[in-house]
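Numbering (full-length UniProt numbering), first residue to last: 1 to 155.
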């Protein structure tokens, strides 16, 4: 039903009043008004919003800091989405992901197994450990720090 209604001061073409409104004709135009006794709530104000706002007051839980002080370098190619998850977990657990291999790196994470360049890296930095991604995923799954030794990559 295409018609014109005036609501308050405005004039809207194609406005169809909600079921709680009644229409009256006057001076050749139809007017839509709320039925008597019905209260209009301001736009955007609903009980649902009030409930959601009450839930937002809860404090956000602290993330565990299992990897504080540890620096990582992700080496090689990883299966789809795995690199993104590794970075997410390392950062969430307060570790650092380095963009380049440097003296600061303590752990090299690789899913490709041992590579000849790892020996050169060990010559420059004897404190390096080469680990599988499953170490980080296991820390996330168990929500506690785990020793890296069972997850090391060896030649």
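Cβ atoms here follow ideal geometry from the backbone N, Cα and C, with glycine treated the same way.
Taking 8 Å as the upper bound for CB-CB distance, residue 93 and residue 139 are in contact here, some 7 Å apart. The DSSP-derived three-state label of residue 66 is coil. Taken through DSSP and simplified to helix, strand or coil, residue 89 comes out as helix. The secondary-structure analysis by DSSP pairs residue 139 with nothing; it has no beta-bridge partner. Counting C-beta pairs closer than 8 Å gives fewer than three between the region 81-88 and the region 100-107, which falls short of the contact rule.
Per the DSSP secondary-structure output, residue 60 pairs with nothing in a beta bridge.
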